[in-house]
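Trainee: Input: one structure, supplied below.
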Amino acid sequence: MRNVARTSLVDAAIDELRREIARGVWPVGTKIPSESQLAQSLGMSRLSVREAVRVLAHAGLLHTRQGDGTYVTATDESKVALRRRLDTAAAMDIIDVRRGLDLVAARLAAGRRTEEDLTAMRRTLARRDTAARAGDLDGFADADVDFHLLVADAAHNALLGDLYRSMSDALRDSVRDQEQAALTPDSSHDDLLSAIEDGDAARAVAVSVAILDQQERDL
132 MRNVARTSLV DAAIDELRRE IARGVWPVGT KIPSESQLAQ SLGMSRLSVR
182 EAVRVLAHAG LLHTRQGDGT YVTATDESKV ALRRRLDTAA AMDIIDVRRG
232 LDLVAARLAA GRRTEEDLTA MRRTLARRDT AARAGDLDGF ADADVDFHLL
282 VADAAHNALL GDLYRSMSDA LRDSVRDQEQ AALTPDSSHD DLLSAIEDGD
332 AARAVAVSVA ILDQQERDL
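Rendered as structure tokens:
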């Protein structure tokens, strides 16, 4: 009976901590209260709180730094699971998934983009070009992914944007995997921006396909 009671308290602590994290009481990157503070707030032992924190750390929501404290690293366990899966995905698998997302994003962006969207995309492409000329692969990868995120945002579909954003780290890695091939000058992204600016959905989709085909060849 004592074991069952302890498990019940731990589960209750997990649920409450998870709820507070999801509500944004402790934003990502911030430190949660100490074990003793949490135990007092929850009305349970520090042992139960410690076990709850351990479970949530294993789930990817929390990270404990020895001698410092415990920090929030994510707010949604499903996104953590997706991120872990993407971290182990093959580059070609990423491209296959992008064929679905990029084509939808390009088509919708061509019909829904705003002047603010276009301005942001132009600035990001300029940053991408600067990094390419400097041979800065990390800077190039960041700007390249940021550009495609902006295309997804220009589709003005919140779910599409969230899906693309959840893949951002894996997308950066896939660009870096191409190494110097990624820095080879080409006009494809400018062509994509032009098609979106012109509201030409068919051309935007065609350019997106061409970009992914080239990335597949580079890999």
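Numbering of the sequence shown is given in our numbering, commencing with residue 132 and proceeding in unit increments.
Note that beta-carbon positions come from the ideal geometry of N, C-alpha and C, so glycine has one too.
Computed from a prediction, not measured in an experiment: that's the story for all the values here.
Do you know whose CA, among Gly174, Thr315, Leu173 and Ser165, lies nearest arginine 196's CA?
Mentor: Residue 196 sits at position 65 when you count from the first residue of the sequence shown. With distances taken between Cα atoms, arginine 196 lies closest to Ser165.
Trainee: Looking at the strands, I want to know which residues DSSP matches up with tyrosine 202.
Mentor: Counting from 1 along the sequence shown, the entry for residue 202 is found at position 71. Paired residues: Lys162 and His194.
Trainee: Compare the C-beta of tryptophan 157 against all C-beta atoms of chain D and say whether one is closer than 9 Å.
Mentor: Absent here is chain D; the protein component of the structure consists of one chain.
Trainee: Starting from the C-beta of arginine 270, find all residues in its chain whose C-beta is less than 7 Å away, skip the five residues before and the five after it, and write them out in chain order.
Mentor: Here residue 270 refers to the residue found at position 139 when the sequence shown is read from its first residue. Contrary to the premise, residue 270 reads as glycine rather than arginine in this sequence. So the list reads Ala262, once near-sequence residues are dropped.
Trainee: Considering just the uninterrupted stretch of the alpha helix (DSSP H) at aspartate 293, what are its terminal residues?
Mentor: The residue given as residue 293 occupies position 162 in the sequence shown. 289 to 297 is the extent of the alpha helix (DSSP H) around aspartate 293.
Trainee: How many Å lie between valine 135 and leucine 314 at the Cα?
Mentor: The residue labelled residue 135 in the question sits at position 4 within the sequence shown. The residue labelled residue 314 in the question sits at position 183 within the sequence shown. Low per-residue confidence applies at valine 135: pLDDT is 40, beneath 50, and the placement is therefore not dependable, though the value from the model is reported in the following sentence. Rounded to whole angstroms, valine 135 to leucine 314 spans 59 Å at the Cα level.
Trainee: Thinking C-alpha only, which one of Val186, Gly200, Phe278 and Ala301 is nearest alanine 257?
Mentor: Counting from one through the sequence shown, the residue named residue 257 turns up at place 126. Of Val186, Gly200, Phe278 and Ala301, the residue nearest in Cα terms is Phe278.
Trainee: According to DSSP, is aspartate 146 helix, strand or coil?
Mentor: The residue given as residue 146 occupies position 15 in the sequence shown. Aspartate 146: helix per DSSP, three-state reduction.
Trainee: Let me make sure I understand the geometry here. Which of Gly266, Asp344, Ala274 and Arg238 has the alpha-carbon closest to that of methionine 252?
Mentor: Numbered from its first residue, the sequence shown carries residue 252 at position 121. Of the listed residues, the one whose Cα sits closest to methionine 252 is Ala274.
Trainee: On the premise that alanine 183 lies in contact with leucine 232, defined as a C-beta separation below 8 Å, what is that separation, rounded to the nearest angstrom?
Mentor: The sequence position of residue 232 within the sequence shown is 101, counting from 1. The sequence position of residue 183 within the sequence shown is 52, counting from 1. 36 Å between Cβ atoms; not a contact.
Trainee: Tell me the DSSP secondary structure of aspartate 329 in three-state form.
Mentor: Position 198 of the sequence shown, counted from the first residue, corresponds to residue 329. Aspartate 329 falls in the helix class under three-state DSSP.
Trainee: Decide if threonine 255 is buried, meaning its Cβ has at least 16 other Cβ atoms within 10 Å, or exposed.
Mentor: As a working note, residue 255 is residue 124 in the sequence shown. With 16 or more other Cβ atoms within 10 Å, it is buried.
Trainee: Are the beta-carbon atoms belonging to serine 172 and leucine 140 less than 9 Å from one another?
Mentor: On the sequence shown, position 41 is the one that residue 172 refers to. On the sequence shown, position 9 is the one that residue 140 refers to. The answer is no: Cβ separation not under 9 Å.
Trainee: How would you label glutamine 346, buried or exposed, when you count the other beta carbons within 10 angstroms and need 16 or more for buried?
Mentor: As a position in the sequence shown, residue 346 is number 215, starting the count at 1. Answer is buried; the Cβ neighbour count reaches 16.
Trainee: Can you tell me whether methionine 252 is helix, strand or coil according to DSSP?
Mentor: On the sequence shown, position 121 is the one that residue 252 refers to. Methionine 252: helix per DSSP, three-state reduction.
Trainee: Where do the ends of the alpha helix (DSSP H) carrying glycine 270 lie?
Mentor: In the sequence shown, residue 270 corresponds to position 139, counting from 1. Per DSSP, glycine 270 belongs to the alpha helix (DSSP H) from 268 to 285.
Trainee: Please classify valine 178 as buried or exposed, where buried requires at least 16 other C-beta atoms within 10 Å of its C-beta.
Mentor: Here the question's residue 178 lines up with position 47 in the sequence shown. The residue you asked about is not valine; residue 178 is leucine in the sequence shown. Answer is exposed; the Cβ neighbour count stays below 16.
Trainee: Indicate the three-state DSSP secondary structure (helix, strand or coil) for aspartate 207 in the structure shown.
Mentor: Within the sequence shown, numbered from 1, the residue matching residue 207 stands at position 76. Correct three-state label for aspartate 207: coil.
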